[in-house]
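J.: Just dropping this structure here.
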Amino acid sequence: MAQLVEYNPCPENVYADLIKGQKFAVILSFELDTGDVLESCPIAYKTWGTLNEARDNVLVVCHALTGSSDISDWWNPLLGRGKVFDPAHFFIFCGNVLGSPYGRYVKSIIPIATAAHHSAWGISWAETQRQCIYSDPKFEDGYYDPVPEGQPAAGLAAARMVAMLTYRSSESFDTRFGRNPPRQKQAPIEPPLDLPRASTSVASSPASGSPAMAKTRRGRRDPSFSAQGYLHYQGQKFVQRFDANCYLHLTEKMDRHDIMVGRVEEAAEESDVAAPGNDGALRKLLARVAPGALVVSVETDALFLPQQQGRLAACLPEATLAVLKSTDGHDGFLLEFEQLNSLITKKLKSDFPRFYETVSGSCQDGDFLGLTGGSLTGEIEA
1 MAQLVEYNPC PENVYADLIK GQKFAVILSF ELDTGDVLES CPIAYKTWGT LNEARDNVLV
61 VCHALTGSSD ISDWWNPLLG RGKVFDPAHF FIFCGNVLGS PYGRYVKSII PIATAAHHSA
121 WGISWAETQR QCIYSDPKFE DGYYDPVPEG QPAAGLAAAR MVAMLTYRSS ESFDTRFGRN
181 PPRQKQAPIE PPLDLPRAST SVASSPASGS PAMAKTRRGR RDPSFSAQGY LHYQGQKFVQ
241 RFDANCYLHL TEKMDRHDIM VGRVEEAAEE SDVAAPGNDG ALRKLLARVA PGALVVSVET
301 DALFLPQQQG RLAACLPEAT LAVLKSTDGH DGFLLEFEQL NSLITKKLKS DFPRFYETVS
361 GSCQDGDFLG LTGGSLTGEI EA
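Under full-length UniProt numbering, read the sequence shown as residues 1 to 382, first letter to last.
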């Protein structure tokens, strides 16, 4: 698969500019599972550390669904000297996810809060989010101006609000918000989103433009509880950094995730890898993976259930299952830094002790330390 590095993408992408310091490579040709071929496909990436002479000290980190190539943004507490992603010992690579990163060169894998296939539950939540975007009049069948102020912001924000409920847990929301009123914060630079929009009947009524009617509509939009305020904040934050069409395509691709389709004869057609008795086919497929994988689960994950990680661990050769103690649901993998640092460091030191015997490269604190505010694509908040 031919590729070019240090590629300068054109035309300019306003969202790409949000990730500081990332570089681009272009894959000249990439075939999808459908048989379609992407030509000159650009991939954003960032690296930390130095590639050793043997070129075998690479840590490949795959980001979350709407994450970015910048590990320092969403996993900052795990990146740095003496931490799990230590540029003094490893060459750390994170690129925008496109297809499978696996190959014969992979010596060890650590799947976190994931599954062999996207479940019916996950597919249903994704469809609910897509319908939020489709229902926004500004969607225009996808032919909108592809900039934050031109896209279907209300629909995309609503989709993000729905998604946030799948990423967290009922317990985490009750503990954090309860029935408290919204926090009083400094007014954002951008104007607040019109969520939810007034109904068509109200908007078209003769008095809809009156100050009294405007006040009534504003009252319906303003959050009464801190849980609502948090969701509104997450929706507004998301539309400033992500494109609606991109989100639609990403969620559709996630729905199609099934590692057995096209790879195992028993699953060549429409497969249900969760079906009883089908573990033999999954074991056959995963036997190609290097032994000793560390599978990580979050005990309160309601999107990718712990049972799904348990099944992966049972079918991967000589795998180990570790469960993060967390009340934060699926997003526990973006929040339980101490547990992750301990688990992954122990795994890497066990598998690759020689990389810890020498320092292969230099690392500057300014390259990855000291977030001055909240994370752009992760869950670290100011």
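For each residue, glycine too, the CB sits at the ideal point set by N, CA and C.
Just so it is clear, the structure is predicted and the values come from calculations on it, not from any experiment.
Going by the beta-carbon positions, is the gap between Cys41 and Ser69 smaller than 7 Å?
T.: Not closer than 7 Å, so no.
J.: Restricting to Cα atoms, I'd like to know which of Thr34, Lys20, Phe24, Ile19 is closest to Gly262.
T.: Per the Cα distances, Thr34.
J.: Taking 6 Å as the limit between beta carbons, can you name the residues of its chain near Leu294, skipping five residues before and five after?
T.: Once the five neighbours on either side are set aside, the close Cβ partners of Leu294 are Ile110, Thr320, Lys347.
J.: Look up Asp258 in the DSSP assignment and give the residues it is bridged to.
T.: Beta-bridge pairing links Asp258 to His117.
J.: Around the Cβ of Asp17, are there at least 16 other Cβ atoms within 10 angstroms (buried) or fewer (exposed)?
T.: So Asp17 ends up on the exposed side.
J.: Along the alpha helix (DSSP H) that carries Ala345, what are the first and last residues, could you check?
T.: Sequence check: residue 345 is Thr here, not Ala. Here the alpha helix (DSSP H) through Thr345 covers 337 to 351.
J.: Taking the CB atoms as reference points, tell me whether Arg160 and Leu248 lie closer together than 7 Å.
T.: No, they are not a contact pair.
J.: Return yes when the Cβ of Leu282 is within less than 7 Å of the Cβ of Ala116, no when it is not.
T.: A contact, by the Cβ cut-off of 7 Å.
J.: Taking its Cβ as the centre, do 16 or more other Cβ atoms sit within 10 Å of Met254, making it buried, or is it exposed?
T.: Its Cβ having fewer than 16 others within 10 Å, Met254 is exposed.
J.: From the DSSP output, read off the bridge partner residues of Val359.
T.: None; Val359 has no bridge partner.
J.: For the ligand FAD, I want to know if Ser172 counts as a neighbour, meaning its beta carbon is within less than 6 Å of at least one of the ligand's heavy atoms.
T.: The ligand FAD is not part of this structure, which contains no ligands at all.
J.: When DSSP builds the beta bridges, which residues end up paired with Ala163?
T.: Beta-bridge pairing links Ala163 to no other residue.
J.: What first and last residue would you give for the alpha helix (DSSP H) that runs through Gly95?
T.: No alpha helix (DSSP H) holds Gly95; the beta strand (DSSP E) holding it covers 91 to 95.
J.: Report the three-state DSSP secondary structure of residue 383 (helix, strand or coil).
T.: Residue numbering for the chain in the displayed model covers 1 to 382; residue 383 lies beyond these limits and cannot be assessed.
J.: Return yes when the Cβ of Pro146 is within less than 7 Å of the Cβ of Ile133, no when it is not.
T.: Not closer than 7 Å, so no.
J.: When you compare only the Cα positions, how much space is there between Glu149 and Glu252?
T.: Taking the straight line from one Cα to the other gives about 24 Å.
J.: Taking contact to mean at least 3 C-beta pairs separated by less than 8 Å, is the stretch 225 to 235 in contact with the stretch 165 to 184?
T.: The stretch 225 to 235 vs the stretch 165 to 184: in contact.
J.: What number of angstroms, rounded off, separates the C-alpha of Gln309 from the C-alpha of Thr66?
T.: Gln309 and Thr66: Cα-Cα distance of roughly 21 Å.
J.: Excluding the 5 residues flanking Ile123 on each side, which residues of the same chain have their C-beta closer than 7 Å to its C-beta?
T.: Around Ile123: Asp255.
J.: How far does the alpha helix (DSSP H) with Phe24 in it reach, from first residue to last?
T.: Counting along the chain, Phe24 falls outside any alpha helix (DSSP H), though it belongs to the beta strand (DSSP E) covering 23 to 31.
J.: Is the stretch 332 to 352 touching the stretch 287 to 305, taking contact as three or more C-beta pairs under 8 Å?
T.: The answer is yes - the stretch 287 to 305 touches the stretch 332 to 352, with three or more Cβ pairs under 8 Å.
J.: Taking Thr175 as part of the alpha helix (DSSP H), name the residues at either end of that continuous run.
T.: First-last of the alpha helix (DSSP H) with Thr175: 170 to 176.
J.: Quick check: the stretch 76 to 92 against the stretch 42 to 58, are there 3 or more CB pairs under 8 Å?
T.: Contact between the stretch 76 to 92 and the stretch 42 to 58 is present, because at least three Cβ pairs lie under 8 Å.
J.: Determine whether the beta carbon atoms of Asn245 and Gly142 lie at a separation below 7 Å.
T.: Yes; because the gap between Cβ atoms is below 7 Å, this pair is in contact.
J.: Short of 8 Å in beta carbon distance, which residues of its chain neighbour Ser375, apart from the five on each side in sequence? Order them along the chain.
T.: Cβ within range, chain order: Asp73, Trp74, Asn76, Glu381.
J.: Tell me whether Lys20 is buried or exposed, calling it buried when 16 or more other Cβ atoms sit within 10 Å of its Cβ.
T.: Flag for Lys20 reads exposed.
J.: Exposed or buried, what is Asp222 when buried is set at 16 or more other beta-carbons lying within 10 Å of its beta-carbon?
T.: By the 10 Å Cβ count, Asp222 comes out exposed.
J.: Which residue comes first and which comes last in the beta strand (DSSP E) that contains Tyr45?
T.: Tyr45 -> beta strand (DSSP E) spans 37 to 48.
J.: Count the other CB atoms, across all protein chains shown, that sit within 10 Å of the CB of Lys107; report buried if there are 16 or more and exposed otherwise.
T.: Lys107 should be labelled exposed.
J.: For Val289, does the three-state DSSP call read helix, strand or coil?
T.: It is coil, neither helix nor strand.
J.: What did DSSP end up calling Thr327 once you bin it into helix, strand or coil?
T.: DSSP places Thr327 in coil when its eight states are reduced to three.
J.: Buried or exposed: which applies to Leu78, given that a residue is buried once 16 or more other Cβ atoms fall within 10 Å of its Cβ?
T.: Under this definition Leu78 is a buried residue.
J.: Could you tell me how far apart the beta carbons of Val289 and Pro306 are, in whole angstroms, since I believe they sit closer than 8 Å?
T.: Contact flag wrong, Cβ pair sits at about 20 Å.
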